[in-house]
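Quick note on the working numbering: the sequence shown kicks off at 32 and runs consecutively. Data block below; observations after.
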Amino acid sequence: MPARLDAEVRLLVGPANFAGQGTRWARAFEQRVPTAKATSFAFFRGVLDYPVDYGVPARTYRRNHRWRLNFYNHVVRNYTHVLLEAARPIFGPLHGPDGSFEIPHLLTKGLQVGLIAHGSDVRVPSRHAESEPWSPFPDLEDETVELLERNATRAVELFTSYPGNVYVSTPDLLDYVPNATWCPVIVDVGTWRSDAPVLEHDKPVVAHAPSKSAMKGSELIDPIMRRLAEQGLITYRRVEGVDPADMPAVYRDADIVLDQFRIGSYGVAACEAMAAGRIVVGHIAQHVRDRVAADTGLELPIVDATPDTVEQVVRDLIANRERGRELAARGPAYVEKVHDGRWSADALATFVEQPRPVRANWKPAWIRPKVVMMAGNDIVSDARVLKYAQTVANWDLDVTCIGIPGRRMRGVRQFGKVQVLCPTIPSKVLVTGWRKRLANVKNNLNPLFRTEAEYMLAYGRWQYASRELRAERGRDRRDRERTGTTKRSLRERTQRAIRWRSLRLHRAVLNSRAYFARRAKRTENADLGIGKRRERILALYRHLPAGRWRRVMPELVDQELTLGPLLDRLLIEVIHVHDVFMLGIAARAAHRAALDGRTIKIIYDAHEYIPGVPVVAPRRVAAYTDLEREFIGDADRVITVSEPLAQWLQRDHKLAELPDVVLNAPVEPPKDAEVKDLRSLLRLHQDVPLLVYGGGVNRARGVGTVVEALPQLPDVHLAIVARENPVTTELLARAAELGVGDRVHLAPFVNAEVVPLYLRSASIGLSPLLHAPNHDIAVTNKFCEYIAAGLPIVTSDTPAQADLVNELDLGAVYPAGDVDGLVRAVRTVLADRDRIAKRIASDPDLLHRFSWAAQAEVIRSVYDEVMGELPDAAWAPDATVVRRLLPDAPELPETGWHAFRRKNPRAQAS
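As structure tokens, then:
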């Protein structure tokens with residue numbers, strides 16, 4: 032770290048130090064302001080590095096998080112003013128990709144921040160090419176210019192919108208940043224002063240030393256100068272890659288120095304050549320000359336030339352040497368008045384003596400609060416997460432969803448305003464450690480198969496050996512049909528017979544080793560994933576070390592090792608955790624941020640009552656419960672899906688506040704949505720009664736009750752909107768056994784935003800859940816979708832939904848699992864269907880209550896309290912309306928360079 036400064040005003044200048052200007056401004060500022068001390072800072076690139084008070088290697092600047100954090104803490108504790116060069120970040124990517132992201136952090140710490148532009152950082156290519164015929168940008172690679180255009184446009188927006196002190200280093204930059212003050216570049220006149228005569232050589236020495244040849248126009252003037260040299264008129268010295276310390280000698284030995292011929296201004300190199308008393312030739316736009324004369328009272332002693340005129344200008348200087356010497360003699364005086372540091376120091380002194388007021392909470396318009404939503408899936412398959420993400424993104428918040436790679440999503444994609452990120456999770460812990468080695472030993476010693484998968488793997492090897500032996504027998508038969516072949520010997524036939532009997536014995540051994548695994552699978556298939564026995568096993572695991580999440584789910588440690596550093600880099604204000612899987616990772620990120628002096632708020636969205644999750648193995652459920660119990664206290668707000676679940680969460684975890692309730696309601700269908708309704712898809716006449724169940728299918732969902740009821744409901748059809756799985760296969764098989772197979776249909780899913788349109792042609796919506804803790808307190812997404820579709824509802828007597836159906840006159844309720852009760856409920860609702868459907872459709876309050884727009888109002892109030900203040904966009908009339916969950920990525924707005932290219936043939940040709 033740099034030394035602590037003992038002064039009233041302590042200025043840090045960095046991190047560019049182009050041509051050593053940062054250091055020279057720091058020294059000039061110290062001389063001008065007696066109560067001030069300054070430090071220049073830059074990172075070393077290894078090429079054209081100039082002296083600084085404090086510097087670090089580029090690798091440290093870009094990659095060393097510990098250094099970045101330590102340097103930030105050092106700066107905010109030890110400096111009063113920061114002059115940010117070229118909109119570059121002083122602390123590397125600690126706060127964001129460019130310096131604009133650092134300004135709010137420095138302002139909130141009480142520092143005064145000034146900005147200074149060097150050149151290309153604010154020189155917008157399209158505007159420059161419009162005004163300068165010799166602009167270099169049309170001749171550069173298009174991708175390069177596009178990047179320069181975007182970066183410069185962003186920098187100009189920053190410089191012109193920033194209310195504090197803003198400076199530019201060259202006078203032409205005032206065209207782009209008119210609110211800035213010219214703070215001239217500084218050269219040490221004594222270092223460059225030369226007594227060597229000018230134009231005394233028989234053949235004048237012409238030097239050209241471009242730092243960036245493409246920007247200086249070297250390719251245009253090199254052929255001209257070489258031609259003059261071949262004619263014996265000049266000695267041409269093309270200088271490139273010379274150490275800055277050796278440049279004074281280069282200029283002292285020259286008569287004429289060619290500067291730049293494309294930009295239309297002048298910089299450090301021209302000032303150095305003028306200080307050396309050399310004739311400087313370059314292209315200076317007339318309005319820049321006029322501005323210099325108006326500000327300084329001096330004519331700029333640079334001979335104007337363009338690539339078209341430079342040959343004649345050099346010839347005229349050779350022919351009229353006295354005029355050339357007179358121009359050269361004016362150079363040192365001009366530099367001494369304008370560029371020796373005094374003028375720059377006076378400009379920078381206003382930073383302390385006349386500071387422009389800046390609010391402590393000021394930030395650029397493009398810096399939006401960062402919200403990360405996390406889920407233990409691939410995001411795109413989770414409609415609830417997508418609804419939240421698109422809603423919050425509508426409020427002008429920067430939203431990134433982070434999940435686990437899956438079948439539909441891996442890597443990075445942009446959906447509208449929402450970025451979805453599912454990085455690959457390498458196994459660092461899951462397949463390592465003494466527990467894994469011990470488990471391998473135990474598995475190898477265990478003669479029995481633990482799972483059906485292990486049995487199938489061994490059976491596959493047996494199957495291959497059996498097929499190989501059968502193929503050998505087939506070879507014998509084939510050989511007998513061919514001429515000139517011999518029969519197998521008795522020994523070979525005996526060996527084959529032994530192998531055959533060994534394989535039969537091996538098959539019997541495999542079946543015996545698989546007995547318990549296959550029996551467990553049959554038991555598992557018959558298990559509904561609910562019941563008293565399961566509750567006792569779960570309670571046992573919850574009190575044993577074997578049920579702790581770190582032991583059961585080592586994959587979470589792998590996820591932490593990948594996702595934790597990612598969260599640390601994103602500079603988050605809010606992490607919204609969906610379901611329990613990512614709660615620990617989010618909490619740890621918030622803990623680390625606190626050590627870095629940042630605050631991350633956590634919103635935990637409990638989609639289910641974890642101890643009541645059916646079907647999942649009890650030990651794993653106990654681990655989920657352990658994870659939730661450990662980290663739910665770190666959440667600043669808790670959201671859940673029903674009022675009973677909110678009360679249970681508050682009771683179980685002794686929460687200070689009752690969690691907010693956000694139903695998993697459907698969004699507004701897109702205005703241009705086109706979807707074939709379910710009845711049309713199944714080719715059923717409008718008079719045919721059609722029951723629909725939509726959502727995931729397992730045995731605890733109770734769809735089997737509906738299939739069993741169909742024989743008592745003649746002419747009634749059932750559509751199961753679900754993905755095919757073993758349970759749906761069983762249901763279809765059972766329907767065939769009952770003679771109703773032609774009335775049970777497995778229908779495909781559609782996009783979540785058009786589900787109500789898809790379902791609206793059905794007669795009744797079904798929710799046949801069996802009793803389980805989670806089911807009894809759930810208000811499911813299908814329940815809300817049925818209401819949005821205008822369907823009467825038949826639900827089992829799971830209390831949360833049954834109470835709503837009875838209270839709001841939405842349909843009928845039957846005892847869960849009771850086939851006869853379901854038949855009576857369906858008949859009752861079918862008889863009264865038209866009235867109920869009309870009652871639902873004509874109640875706007877009911878439709879709004881179970882819509883996503885109503886849920887978004889709750890989310891908005893939660894975010895407003897957690898974040899303190901939301902952008903104005905959050906309160907716009909349509910701020911709670913979402914119509915697409917996976918919209919196309921927005922197209923980048925057309926840059927000024929695109930527009931210039933279309934209008935300018937030279938740019939297109941280039």
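Built from N, CA and C at the ideal position, the CB exists for glycine as well. Note that the structure is predicted; figures quoted are calculated from it, not measured.
- Per DSSP, His112 is one residue of the beta strand (DSSP E) stretching across His112 to Glu116.
- With a beta-carbon spacing of about 4 Å, Ala304 and Val288 fall inside the 8 Å limit used to define contacts.
- Assignment of Cys432 by DSSP, reduced to helix, strand and coil, places it in the strand class.
- Given a length threshold of 4 residues, each whole run of the alpha helix (DSSP H) inside the segment 868-912 is given here in chain order: 875-880 and 883-898.
- Sequence-distant Cβ neighbours of Val781 in its own chain, meaning closer than 7 Å and more than five residues away, are Val706 and Tyr789.
- Looking at the DSSP output, Phe931 sits in no beta bridge, so it has no partner there.
- Here the C-alpha atom of Cys214 lies approximately 33 Å from the C-alpha atom of Asn95.
- Each of Leu686, Leu749 and Leu689 was checked against the Cα of Leu715, and the nearest Cα belongs to Leu749.
- When rounded, the separation of the alpha-carbon atoms in Ser892 and Gly899 is 10 Å.
- By DSSP's assignment, Leu289 forms a beta bridge with His239 and Val312.
- In the DSSP secondary-structure assignment, His638 is not bridged to any residue.
- Taking all protein chains in view, the Cβ of Val78 is surrounded by fewer than 16 other Cβ atoms within 10 Å, so the residue is classified as exposed.
- Sequence-distant partners of Asp335 (beyond 5 residues in either direction) whose C-beta falls short of 7 Å from its own C-beta, in its chain, are His314 and Ile315.
- Shortest Cα-Cα distance from Ser412 to any of Ile435, Arg399, Lys401 and Asp429 involves Ile435.
- CA-to-CA, the gap between Pro585 and Leu569 works out to about 20 Å.
- By the criterion of a C-beta distance shorter than 6 Å, Phe612 is surrounded in its chain by Gly407, once the five residues flanking it on both sides are discounted.
- Checking the DSSP bridge columns, you'll see Ser458 has no partner listed.
- Rounded to the nearest whole angstrom, the C-alpha separation of Leu839 and Ser827 is 16 Å.
- Val758 and Asn729 have their C-alpha atoms spaced approximately 6 Å apart.
- Of the other Cβ atoms in all chains shown, 16 or more fall within 10 Å of the Cβ of Arg732; this residue is therefore buried.
- By the CB criterion at 8 Å, Val187 and Val155 fall inside the cutoff.
- Cβ contact annotation for Leu358 (same chain, cutoff 7 Å, sequence separation greater than five): Ile310, Pro332 and Val334, in chain order.
- Listed in chain order, the non-local C-beta contacts of Val785 below 6 Å within the same chain comprise Pro700, Ala704 and Val706, local neighbours out to five positions each way being set aside.
- In terms of Cα proximity to Gly595, the closest of Leu676, Pro478, Leu146 and Met405 is Met405.
- Of Val64, Asn48 and Tyr495, the smallest CA-CA separation from Ala38 is found for Val64.
- Looking from the CA of Leu614, the closest CA among Leu709, Gly272 and Ile433 belongs to Ile433.
- Taking all protein chains shown into account, Met440 has 16 or more neighbouring C-beta atoms within 10 Å of its C-beta and is therefore buried.
- For Arg268, the uninterrupted beta strand (DSSP E) run begins and ends at Thr266 to Arg269, by DSSP.
- Looking from the CA of Leu536, the closest CA among Tyr572, Thr191, Asp507 and Trp493 belongs to Trp493.
- The three-state reading of DSSP puts Lys394 in coil, since its state is none of H, G, I, E or B.
- Taking the Cα of Gly852 as reference, the smallest distance to any Cα among Leu762, Glu888, Arg866 and Ala740 is reached at Ala740.
- By the Cβ test, the segment 905-914 is in contact with the segment 420-432, since at least three Cβ pairs between them sit closer than 8 Å.
- Excluding its 5 nearest sequence neighbours in each direction, Leu694 has C-beta neighbours in its own chain below 7 Å: Val672, Val810, Cys815, Phe881 and Gln886, listed in chain order.
- Between the alpha carbons of Val747 and Val652 lies a gap of roughly 38 Å.
- Sorting Leu417, Thr422 and Ser458 by C-alpha distance to the C-alpha of Leu452 places Leu417 at the top.
- For Thr91 and Asn104, the gap between their C-alpha atoms comes out near 16 Å.
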